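These protein sequence lines are chains A and B, in that order. Residue numbering for the first sequence follows our numbering, starting at 1 and increasing by one per position. Residue numbering for the second sequence follows our numbering, starting at 325 and increasing by one per position. Structure first, commentary second.
Number of protein chains: 2
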Amino acid sequence: MKKDLYLGVDTGGTGVKFVVTDSGGSVITSGEVPTDPASITVSMRRLATAVGGALGGEPDFPDLAGLGMACAGIVNSVTGQLGRSPNLPGWQGRNLTGDIGRVFRDVPVTVANDVNGALYGEFRQGAGRDCRNLVMIALGTGVGGGVIIDGKLVVGTHFGAGEIGHMSLDRDGPPCTCGSRGCLEAWAGSTGLLRRAREAATQGTANDELARLVARRGESLNTLDLAGLAAGGDVAATEIFAEAGRRLGQAIGNIVNLLDPDRVIVGGGVAQAGDLILKPCREIVPGLILAEEARNVPVVIAELGPLAAAVGAACLAREMEISR
Amino acid sequence: MKKDLYLGVDTGGTGVKFVVTDSGGSVITSGEVPTDPASITVSMRRLATAVGGALGGEPDFPDLAGLGMACAGIVNSVTGQLGRSPNLPGWQGRNLTGDIGRVFRDVPVTVANDVNGALYGEFRQGAGRDCRNLVMIALGTGVGGGVIIDGKLVVGTHFGAGEIGHMSLDRDGPPCTCGSRGCLEAWAGSTGLLRRAREAATQGTANDELARLVARRGESLNTLDLAGLAAGGDVAATEIFAEAGRRLGQAIGNIVNLLDPDRVIVGGGVAQAGDLILKPCREIVPGLILAEEARNVPVVIAELGPLAAAVGAACLAREMEISR
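Written out as structure tokens, the structure is:
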């Protein structure tokens, strides 16, 4: 049997998503099983069953040339160790490579952080596929990110790189979940964005529509609700996205002044607000960049959607295999 | 004659500094000739005469295995072209490699930006010599910087990387020479720092000593005057350095969250204020960094002083030679 397939896996606190790709990185099949946050072995057995079903049920996965695992948390790509990972308490401190290898015997395993997985997916198969120097900012509940320099993921000395969400943009800004104030995440992550919407509603600076939406949705208020209101012309909701966009632009200006990449990709659920965030962002970026040649850096939306990290993990597995 | 010497050159608006190093990077001799800002050829002839004298006067520099030139401005290390360089108007747009080669025949030429030269010098021979991932921030009249990832200089797609001085730390901060507000440079470059001292003096928030110093020194006020006052216990002068240090810390926090380097080196004339800046800086850095493992990043003073860029240029020439 020819080993020419790659399994890419993206593990979060609730689901283990997977894709099987061919050697060119194209997705052949995909699926998801529930994560067991207490046990990596239970989760991997569920994954193996689902992948086995998708590939025709042969034992020991004779087609798989490699497995890439993107995982939430601080991932040591060299040792395979998972560091802090708040949503996977039972996985913390485990050696991912070893634990996965006990279920997927004989398949070479590569591990990475989940945002780096998504960045690598966009780099190989998505919005950054013609780049050498690339930055991604993922606007989710929090804000994460990743950096590729000269075609390689920058993981940092302690595997702590890419924490773009905690770039301090104003010491006196709104509080952030990390304990600081004025981090990018406090404006552009959904937690921060919704907090600002609730404050605008209660502080009476919002018009009636926003206040009514906040009251009606209560704890289930989400950024899509808010984007719908803004798309309908609501001034207060629009301004909350615009400020998120301007803060995103300030962060991008800072990153481009530091690294001068080919392109910046914006992904994550909040990015679905599209031009509500991206237009004000793109308007301020060029004026913040010193080197004239670097000013017109394209700021683009991610292309791969929720499977980005799984696709990227499959690509990482393939590249590791190739470079062996 | 054995080719085992390297000539490292650092060209600024007023002087062309040079070092001759052995193949291990140790400085054998050094010197300086005046820059002709209108003509690279005139400047290079002056340099050749001085270097020829230092090396014993043989024509065509038979001992030189390579020449590295660090130059103020945007330097395309691939083509050798010098982009914008406000202090070298007659050099702008010239091909440095070609022009230098016409004077230093048969000597291979490598070119880099001056701050990248200084960073590379510290990386090979100074405060970063045991690092793989390194960031330098040079606090001069303005604030520049550079990044090394995995042992390689990060120059950026358009050779515009390293502009750390224009990291926006507060949209409503003091004005910066670049036209923005609240850039790191507006607090921690000497122009910004002295502007803040003059403002403190005239706005009556300073005590008598600072006001008297500003009045006495007028246009010739410099950061050493101010540091002297602060070292003597003056509260207003101390606070100006402390705020520069806290803003430097905010910038370092942002960079470490993004890149997680081994170490951050602070250089440039303003860094001579030492603990007046570094103590408040080091106090706030750990609290700004998300990844626990990255929090104790050492923030250290540059070791090589004014010859750093020339030493780094010599090292770059050597490495280019080796990797050919």
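Just so it is clear, CB atoms sit at the ideal spot from N, CA and C, and this is done for glycine as well. Predicted model, so just to flag it, every value in this text is computed and none were measured.
For residue 254 of chain A, the chain B residues whose Cβ falls inside 7 Å of its Cβ are 491, 492 and 578, in order along the chain. Residue environment analysis places residue 28 of chain A among the exposed positions, since fewer than 16 neighbouring C-beta atoms fall within 10 angstroms of its C-beta. With distances taken between CA atoms, residue 118 of chain A lies nearest to A/314 out of A/319, A/314, A/320 and A/318. Within chain B, 480 and 481 have C-beta atoms less than 8 Å from the C-beta of residue 261 of chain A, given in sequence order. Distance between residue 277 of chain A and residue 66 of chain A, taken at the CA atoms: about 38 Å.
Between the C-alpha atoms of residue 400 of chain B and residue 9 of chain A there is a straight-line separation of about 40 Å. Look at residue 507 of chain B here: in three-state DSSP terms it is strand. Taking residue 229 of chain A as reference, the option from A/169, A/242, A/196 and A/209 with the minimal CA-CA separation is A/209. DSSP places residue 368 of chain B in the uninterrupted alpha helix (DSSP H) bounded by 364-379. About 6 Å separates the Cβ atoms of residue 452 of chain B and residue 589 of chain B, confirming a contact at the 8 Å cut-off.
Annotated three-state conformation of residue 123 of chain A is helix, per DSSP. Between residue 461 of chain B and residue 517 of chain B, the gap from beta carbon to beta carbon reaches 8 Å or more. Around the Cβ of residue 503 of chain B, a 10 Å sphere holds fewer than 16 other Cβ atoms; the residue is exposed. Residue 437 of chain B does not reach chain A, its nearest Cβ partner there being about 11 Å away, counting only Cβ pairs nearer than 8 Å. Identification of chain A residues near residue 416 of chain B by a Cβ-Cβ cut-off of 8 Å yields none; the smallest Cβ-Cβ distance measures about 12 Å. For residue 608 of chain B, the enclosing alpha helix (DSSP H) covers residues 599-612. Put simply, the CB of residue 581 of chain B is near chain A, with a gap under 8 Å to one of its CB atoms.
Contact check between the stretch 339-350 of chain B and the stretch 145-153 of chain A: fewer than three CB pairs, one atom from each, fall below 8 Å, which does not count as touching. In the DSSP annotation of this structure, the continuous segment of the beta strand (DSSP E) that includes residue 145 of chain A starts and ends at 143-149.
Spanning the alpha carbons of residue 582 of chain B and residue 167 of chain A requires a straight line of approximately 8 Å. Counting along the chain, the unbroken beta strand (DSSP E) around residue 109 of chain A starts and ends at 109-113.
DSSP, read as helix, strand or coil, puts residue 416 of chain B in coil. Residue 434 of chain B counts as buried, since at least 16 other C-beta atoms from the protein chains shown sit within 10 angstroms of its C-beta. For residue 71 of chain A, the pairing in a beta bridge is given by DSSP as A/11 and A/113. Not one beta carbon of chain B lies nearer than 8 Å to the beta carbon of residue 219 of chain A. At the C-beta level, residue 184 of chain A and residue 164 of chain A come within 8 Å of one another.
Excluding residues up to 5 positions away in sequence, 507, 509 and 510 lie with their Cβ nearer than 6 Å to the Cβ of residue 500 of chain B in the same chain.
Close to chain B, meaning a Cβ-Cβ distance shorter than 9 Å, are the following residues of the stretch 60-90 of chain A: 74, 83 and 84. Note that the C-beta distance between residue 223 of chain A and residue 299 of chain A is not below 8 Å. Within the stretch 274-296 of chain A, those residues whose Cβ lies closer than 8 Å to any Cβ of chain B are, in chain order, 287, 288, 289, 290, 291, 292, 293 and 294. Annotation: residue 157 of chain A is outside any alpha helix (DSSP H) and is labelled neither H nor E by DSSP. Apart from the 5 residues on each side of it in sequence, residue 457 of chain B sits with its Cβ closer than 6 Å to the Cβ of 473, 585 and 586 in its chain, given in chain order. Residue environment analysis places residue 599 of chain B among the exposed positions, since fewer than 16 neighbouring C-beta atoms fall within 10 angstroms of its C-beta. Of the residues A/161, A/116 and A/53, the one whose Cα lies closest to the Cα of residue 308 of chain A is A/116.
A distance below 6 Å between beta-carbons, with the five flanking residues on each side excluded, links residue 640 of chain B to the following residues of its chain, in chain order: 392, 434, 436 and 444. With a cutoff of 8 Å on beta-carbon distance, residue 361 of chain B and residue 397 of chain B are scored as not near each other.
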